Amino acid sequence: MEIVLALAIGTLVASGVWLVLRPRTFQVIVGLCLLSYGVNLFIFSMGRLRVAAPPILPKGETIDPSLYTDPIPQALVLTAIVISFATTALFLVVLLAAQGFTGTDHIDGKERDQ
Amino acid sequence: MATETLLLLLLVLPFVGGLVVAMMRRSARRAVVAVAACVMAASAMLLLVFWPQLSDGGVVHDHHAWLPRQGINLTLRLDGLAFIFGLMVTGIGFLVVIYARYYLSSKESMPRFFSLLLLFAGAMNGMLLSGNIITLVIFWEMTSIVSFLLIGFWRTNGAARDGARMALTVTGTGGLCLLGSMLMVGYVADSYDLEKVLAAGPQLREHPLYLPALILFLIGCFTKSAQFPFHFWLPNAMSAPTPVSAYLHSATMVKMGVFLLIRFSPVFGGTAEWFNIVAGIGLLTLILGAVVALFRHDLKGLLAYSTISHLGLITALIGIGSPAAIVAAIFHVMNHALFKASLFMAAGIVDHETGTRDIRKLSGLARAMPVTATLAAISCAAMAGVPLLNGFLSKEMFFAETSEWHRGTLFDDSMPYLAVVGSAFSVAYSLRFLISVFFGTPSQDLPKAPHEPTPWMRRPAGILAILCLVVGIFPALTVGPALAVAARSVLGELPEYSLAIWHGINVPLIMSVIAIAVGIAIYGLFHRSITLGPEGPPVLWRVRGARAYDAVMVAGTWRFPRRMMRMLGTPHLQPQLRLLMLLGAGAAAWAVWGTERIWLGPPESAVDPIFAIMWLVGGGCAIAAAWKAKYHRFTALVFLGGAGIITCISFVWLSAPDLAVTQLLVEIVTTVLLLLGLRWLPRRRQEVPGEHHFKAKLRRRVDLVVAVICGAGVALLSYVVMTTPSGNVASDWFLQHAYSEGGGTNVVNVILVDFRGFDTFGEMAVLAIVGLTVFALLRRFRPAIESNELTAQQRIQNAYDDAADGRERGDTVRDYLMVPSVIMHWMFPVVILLAAELFFRGHDLPGGGFAAGVALAIAFLLQYLAADVTWVEDRLRILPVRWIGTGLLVSAFVGMGSWLFGYPFMTAHSQYVHVPLVGEVPAATALLFDLGVFLLVVGAVVLMQIAIAHQSLRWSRARDKAAGGSE
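Going down the list, the protein sequences come from chains B and L.
Here my numbering is used: the first residue of the first sequence is 10, the next is one more, and so on.
Here my numbering is used: the first residue of the second sequence is 523, the next is one more, and so on.
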């Protein structure tokens, strides 16, 4: 399982980075989304993988932590999902506004001189 | 009431008053002035309440913990020295308020002026009362900021803005130096408490940090008290309204530097460095200020340099440092505040009633304004040091000190002569101020016909002038006791001094006589040539401190940064991002380089073939999205969604249902928002010019390598971590305490809304800011012209509608997706129910405020999909900005609620409540907090939707209008 997820993270990050380095705003925004998937999974993987472990505690019993998933990376990723959503939305609007002002979708606001 | 509480009241009162005044209406001029005057007067009364305690040599303390672990507390401490300064701040403040009421014209904003004035008084009181040297610096800087706002009160005036900026830069820099010094002093004394610091003098003077701490301290004091070479900001600050000059730049703020010098003279003083630097700079400033003042043609400019000169005199006294010199310094601070504030007011009256402050134009005003002239004459005499006035007494003491104190150096021996020279010029410029303006033939061509001001405008100046006289004639009766208390609070015990007017014929008296005689001679011989000459003494007028300051500022904030930008910067984003990625990869590689664990491969769990196939698809989607994003945006968006769904399923697979729910909901909103945005992007030409150039190809190759390096690195890192056994103690703690202390069984949710509630609060703020920013950006949005036309689909539909019989334009759109749109309309309540379910179960089962909020937002999103924008906007009953605000407030108040029960911010309380029909509901305060999250998320997401979706409506309207106009 670990090798599959590691490769998946690697693929997401590589695609994301490549797109983030592209000159068109839409490419960058898609790249940021991919990058955020990769990074979220990466943070999540720091808690080790557990298949079919209960995420919910029983009420009022003594708890053996080794039986449950690691909640801290999950809480961090939940925050990260929210923030990456906010960033994407903001970037989308900046993209639209910038394009309205400059008339181009190049990230520098003007086409590159060759 | 306990006196300690009164001390806190004294500190808080001006700030509260300032806030109250700031919120009053502009038209309520009388009320504004009344509040301001009452606050000043009440503060002065409050101070007087402490007199009985202080007169016995006592010190009043009040302690409030603020950052106890760092040793930074709100310690209030009132002693005799602070008492005298505080009385000047509040007393003169009261007079200035009355004066300003008549000085400001009806067009000016009274609330703004008086609230700033009160805030300034508050900051001054805070500085004087601080018993902790760090809070002292904070209040010190606060006065710099308020002073900036007050100097620039006439914000349309360029000179006022420049003067304000210069004052802020100089005094603010000084404040930073002071902070540095105080940190060093605190380090040596091992405490930031003023009492301990004052007791640590011997320690500090032995310490190697003494000299750096002393120099930084002196820079702080000298910048604030306008000592050479930092004096130039004060004349430039004269573009402030005159009440501000009278208050800040003569009586109070500029005295802070000397206040601190007096306060710390037991700590820093008594060394050769202290004597040479402080007395040297003081005497130099005394002479320089007096000489320049004589040559200024602007009334306020003359007074500004005179202030510099008198501050130099006080600094010199503190530098001399003998007990009697300290007494003289404190005495002169009081005297100077009285006569200089009165003179500034007189200058303001002259300016106000004649329309000019140019000494060359003014003449013979005594005939038109006899009362003002009399007041000015008294104050001028005090400034010149004429007998029977207060200025004479302290100047005598100064002369006595310069002639008596001897260290035997050349500088020391020349001191009395220098003092006489400075005083002679002081007499000369006082004469120039008085005689040139008020005597001689009345001037004719003034902008306004001069006349006496309204009585209440000159009364404050009159009170101050009378005080000059009273203090000058009965010093021991009037200021004697207060001076003694102040001196004792600094020195510990009282030195031998006498406040009598007549000491017999002695050295100081002879020096005074010489100074007055020489001053009269200078004025008589040179006043004509001064009037005709340039604004400044011969030769020296070309040297301007302000010009040097400007040169430094231009070089430092304009030329140098621009050169660095040219050398190191790039206007292109791509190279910057590439560098960022490489740095990130490099930093990670550096961190793990050489650790052996990176190559250890403990056994991993068996690969589930379905999981592997799933990620084959997911990875494929990611690569395809990267491949297609340039020319086929919609395709790329679909692939992006595919990668997102696979991520989502992975979360479910790996026991993280909360993440899966949230990811899925966010995925939906993101995709729809991006879809809405696609409409406004330019049509992509099939071929971007220059795409096959060698440089472009090379760039892509390099980027590909960078991307592969980053991806491989992250993959390797995560693989190594995942195959390393975990030993996470922090998570175990959360698991064990989630139910017993957080009252919830969903640990992730409990962490977010309870254990780490403050982080979540910050996150909410981010979301709110993004929502508002999106809204603000799109309000002024103008899409590119090429997207401002009907889309191909709309044209085809319209053509079809036009061609077919019995159809009107828009029928096709209306019938489009008929069945799904009905379903979507009917789904609205169902989705709301789902959101409620997600919200209530959040504490115990996967869900929570965030997921519920996004779900409710999706309910609105569906309506946008089902019908057109007009339909939705007609029926939208939600005010997103209010939801955002309410959400933030609810969460903040829930967090603050724990204060009521004596717990720290955001301590949660939990229990279960039985609700009929619904059953057991966790009623933790965390649930209320989550309610805030829910409200905010709904507001922010719906706001973004409205902002983006509304664009199409706006443009179709604009288009219709354009089409209607052309037909």
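Where is the CB? At the ideal position from N, CA and C, for every residue including glycine.
In this text the structure is predicted, and so the values were computed from the model without any measurement.
Which one of the options has the shortest CA to CA distance from residue i?
{"i": "Cys990(L)", "options": "Val849(L), Ala863(L), Leu805(L) and Gly674(L)", "result": "Ala863(L)"}
{"i": "Ala1462(L)", "options": "Val1076(L), Phe1297(L), Leu1104(L) and Pro765(L)", "result": "Phe1297(L)"}
{"i": "Lys1340(L)", "options": "Met1075(L), Ala1388(L), Val1074(L) and Ala1357(L)", "result": "For clarity, residue 1340(L) is Met in the given sequence; the question names Lys instead. If we check each option's Cα against that of Met1340(L), Ala1388(L) comes out closest."}
{"i": "Glu1189(L)", "options": "Leu1198(L), Leu1162(L) and Gly1199(L)", "result": "Leu1162(L)"}
{"i": "Pro892(L)", "options": "Thr924(L), Glu974(L) and Lys970(L)", "result": "Glu974(L)"}
{"i": "Asn798(L)", "options": "Met856(L), Asp934(L) and Ser627(L)", "result": "Asp934(L)"}
{"i": "Val1292(L)", "options": "Leu1465(L), Leu1411(L), Ala1381(L) and Val1242(L)", "result": "Leu1465(L)"}
{"i": "Arg1221(L)", "options": "Leu1099(L), Ala1134(L), Trp1115(L) and Gln1258(L)", "result": "Leu1099(L)"}
{"i": "Leu806(L)", "options": "Val618(L), Phe960(L) and Pro938(L)", "result": "Pro938(L)"}
{"i": "Ala868(L)", "options": "Ile900(L), Ile842(L) and Thr837(L)", "result": "Ile900(L)"}
{"i": "Leu145(B)", "options": "Lys777(L), Gly1266(L), Tyr625(L) and Ile1167(L)", "result": "Here chain B comprises residues numbered 10 to 123, so residue 145(B) is not present and cannot be evaluated."}
{"i": "Ala1377(L)", "options": "Thr1192(L), Gly1419(L), Leu1226(L) and Thr1282(L)", "result": "Thr1192(L)"}
{"i": "Leu600(L)", "options": "Trp1024(L), Glu526(L), Pro997(L) and Phe960(L)", "result": "Glu526(L)"}
{"i": "Glu1359(L)", "options": "Trp1348(L), Ala1373(L), Ala556(L) and Phe1350(L)", "result": "Ala1373(L)"}
{"i": "Phe955(L)", "options": "Ala895(L), Asn912(L) and Val1035(L)", "result": "Ala895(L)"}
{"i": "Cys42(B)", "options": "Ile92(B), Pro32(B), Ser54(B) and Val13(B)", "result": "Ile92(B)"}
{"i": "Phe744(L)", "options": "Pro788(L), Thr764(L), Gly697(L) and Ser767(L)", "result": "Gly697(L)"}
Give every residue of the same chain whose Cβ lies closer than 6 Å to the Cβ of residue i, excluding the five residues on either side of it in the sequence, and list them in chain order.
{"i": "Gly1375(L)", "result": "Phe1456, Val1459 and Val1460"}
{"i": "Ala1182(L)", "result": "Cys1170, Phe1173 and Val1174"}
{"i": "Phe739(L)", "result": "Ser703"}
{"i": "Gly56(B)", "result": "Asp79 and Pro82"}
{"i": "Gln123(B)", "result": "Low local confidence applies: a pLDDT of 47 at Gln123(B) is under 50, so the model's placement there is unreliable, with the coordinate-based value given in what follows. Closer than 6 Å at Cβ, skipping near neighbours: no residue."}
For a contact defined as C-beta to C-beta under 8 Å, what are the partners of residue i on chain L?
{"i": "Leu16(B)", "result": "Trp1137, Gly1141 and Ala1237"}
{"i": "Leu30(B)", "result": "Gln1096, Leu1099, Arg1100, Met1103, Asp1225, Val1228 and Ala1229"}
Report the neighbours of residue i on chain B: residues whose CB is nearer than 8 Å to its CB, in chain order.
{"i": "Trp1175(L)", "result": "Val60"}
{"i": "Ser1127(L)", "result": "Met10, Glu11, Leu58 and Val60"}
{"i": "Arg1205(L)", "result": "Those within 8 Å of Arg1205(L) in chain B number zero; the least Cβ separation is about 10 Å."}
{"i": "Arg1155(L)", "result": "Phe35"}
For a contact defined as C-beta to C-beta under 7 Å, what are the partners of residue i on chain L?
{"i": "Leu188(B)", "result": "The question about residue 188(B) has no answer, for chain B in this structure spans 10 to 123."}
Please state if the CB of residue j and the CB of residue i are separated by a distance shorter than 8 Å.
{"i": "Val22(B)", "j": "Val1236(L)", "result": "yes"}
{"i": "Asp1240(L)", "j": "Phe51(B)", "result": "It is Ser, not Asp, that sits at residue 1240(L) in the sequence shown. In this structure, Phe51(B) lies closer than 8 Å to Ser1240(L) by Cβ."}
{"i": "Met664(L)", "j": "Ala645(L)", "result": "yes"}
{"i": "Phe35(B)", "j": "Arg1155(L)", "result": "yes"}
{"i": "Leu756(L)", "j": "Val776(L)", "result": "yes"}
{"i": "Val1007(L)", "j": "Ile881(L)", "result": "no"}
{"i": "Gly1041(L)", "j": "Ser948(L)", "result": "yes"}
{"i": "Ile840(L)", "j": "Leu603(L)", "result": "no"}
{"i": "Ala84(B)", "j": "Val1288(L)", "result": "no"}
{"i": "Gly1364(L)", "j": "Leu1410(L)", "result": "no"}
{"i": "Ser828(L)", "j": "Tyr951(L)", "result": "yes"}
Give the interface partners of residue i over in chain B, defined as CB-CB distance under 7 Å, in chain order.
{"i": "Val1498(L)", "result": "A question about residue 1498(L) goes unanswered here, because the residues of chain L that appear run from 523 up to 1489."}
{"i": "Val1292(L)", "result": "Ala95, Ala98 and Leu99"}
{"i": "Cys1232(L)", "result": "Val22, Ala23 and Val26"}
{"i": "Ala1134(L)", "result": "Val13"}
{"i": "Phe1256(L)", "result": "Pro80 and Ile81"}
{"i": "Gly1364(L)", "result": "Simply none; closest approach about 11 Å."}
For residue i, which residues in chain B fall below 9 Å Cβ to Cβ?
{"i": "Gly1164(L)", "result": "Residues of chain B passing the Cβ test: none, with the nearest at roughly 11 Å."}
{"i": "Ala1148(L)", "result": "Ala23, Ser24, Gly25, Trp27, Leu28, Arg31, Gln36, Val39, Gly40 and Leu43"}
{"i": "Leu671(L)", "result": "Residues of chain B passing the Cβ test: none, with the nearest at roughly 32 Å."}
Which same chain residues, not among the five before or five after residue i, have their C-beta less than 7 Å away from its C-beta?
{"i": "His874(L)", "result": "Tyr625 and Pro975"}
{"i": "Thr1392(L)", "result": "Leu1475"}
List the residues of chain C that residue i touches, going by C-beta distances under 7 Å, in chain order.
{"i": "Ala1178(L)", "result": "The chain labelled as chain C is not found among the protein chains of the depicted structure, namely B and L."}
Taking 8 Å as the limit between beta carbons, can you name the residues of its chain near residue i, skipping five residues before and five after?
{"i": "Phe537(L)", "result": "Leu640, Leu641 and Gly644"}
Self-check item: Secondary structure, beta strand (DSSP E): runs of 3+ residues fully inside the region 948 to 1011 of chain L
Solution: none
Self-check item: Within the region 886 to 930 of chain L, ranges of the alpha helix (DSSP H) (whole runs, at least 4 residues)
Solution: 892 to 906 and 912 to 926
Exercise. Taking only runs that begin and end inside the region 1184 to 1236 of chain L, name each unbroken alpha helix (DSSP H) of 4 or more residues, in chain order.
Key: Counting only runs of 4 or more, we get nothing.
Quiz item: Can you list the alpha helix (DSSP H) stretches of 4 or more residues lying completely in the region 619 to 674 of chain L, in chain order?
Solution: With a minimum length of 4 residues, the continuous alpha helix (DSSP H) runs that stay inside the region 619 to 674 of chain L are 632 to 651 and 655 to 673.
Quiz item: Mind pulling the beta strand (DSSP E) runs of 3 or more residues that sit fully within the region 55 to 106 of chain B?
Solution: none
Exercise. Jot down the residue ranges of each uninterrupted beta strand (DSSP E) in the region 678 to 735 of chain L, minimum 3 residues, whole runs only, in chain order.
Key: none
Quiz prompt | Contained alpha helix (DSSP H) runs [length at least 4] in the region 1252 to 1313 of chain L, N- to C-terminal order | solution = Counting only runs of 4 or more, we get 1269 to 1272 and 1279 to 1301.
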